[in-house]
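Below you'll find the structure, written out as structure tokens, and then a few comments.
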Amino acid sequence: MTIGAFIAGVIAVIRSTDPDGAGLRAGFLGGVLGVLTFIVTVVSTAASSTTAAWPLSRVVFFVLASGTILCIAPVFGLGFGRVGGWVANTVASRWTTGANAS
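Numbering (numbering that gives the first Met the number 0), first residue to last: 0 to 101.
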């Protein structure tokens with residue numbers, strides 16, 4: 000989620016678009032994929048006859064945790080997209096101005 004948002008921010012700056020928005024979308028997609036992976040794992044485990052059903056409190060906890068992840072993931076994406084854009088701008092400005100590291 001964070002690495003994808005960082006890369007999305009870098010690509011957005013190179014293509015002259017908003018790195019914040021690209022990171023936000025990448026963070027949201029990363030959160031959705033994480034929750035969907037968890038749901039597929041739970042459903043496939045529950046479909047097998049070797050496991051017992053979860054108690055209601057555990058189900059409620061994981062539903063709330065999944066909702067929290069879906070709310071927080073875009074915020075991390077926004078931040079890391081902005082950082083990726085900043086890094087890309089800094090590196091590009093160093094190359095174009097011929098700045099020297101010494």
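Every residue, glycine too, gets a C-beta built ideally from N, C-alpha and C.
Three-state secondary structure (DSSP) of residue i
i: Ser15; result: coil
i: Pro54; result: coil
i: Ser47; result: coil
Cβ-Cβ distance between residue i and residue j below 8 Å
i: Val9; j: Gly84; result: yes
i: Ala72; j: Phe27; result: yes
i: Pro18; j: Arg81; result: yes
Whole-angstrom distance between residue j and residue i, CA atom to CA atom
i: Val31; j: Thr89; result: 31 Å
i: Val12; j: Phe5; result: 11 Å
i: Arg117; j: Gly20; result: Beyond the ends of the chain as shown, which are 0 and 101, falls residue 117; an answer cannot be given.
i: Gly29; j: Leu77; result: 12 Å
i: Val39; j: Ala7; result: 26 Å
i: Cys70; j: Ala91; result: 33 Å
Environment of residue i [buried if 16+ CB atoms lie within 10 Å]
i: Leu63; result: exposed
i: Ala45; result: exposed
i: Ala25; result: buried
Nearest-angstrom beta carbon gap, residue j and residue i [assumed within contact, 8 Å]
i: Gly33; j: Phe79; result: Actually they are not in contact, since the Cβ atoms of Gly33 and Phe79 sit about 15 Å apart, beyond 8 Å.
i: Met0; j: Phe75; result: 6 Å
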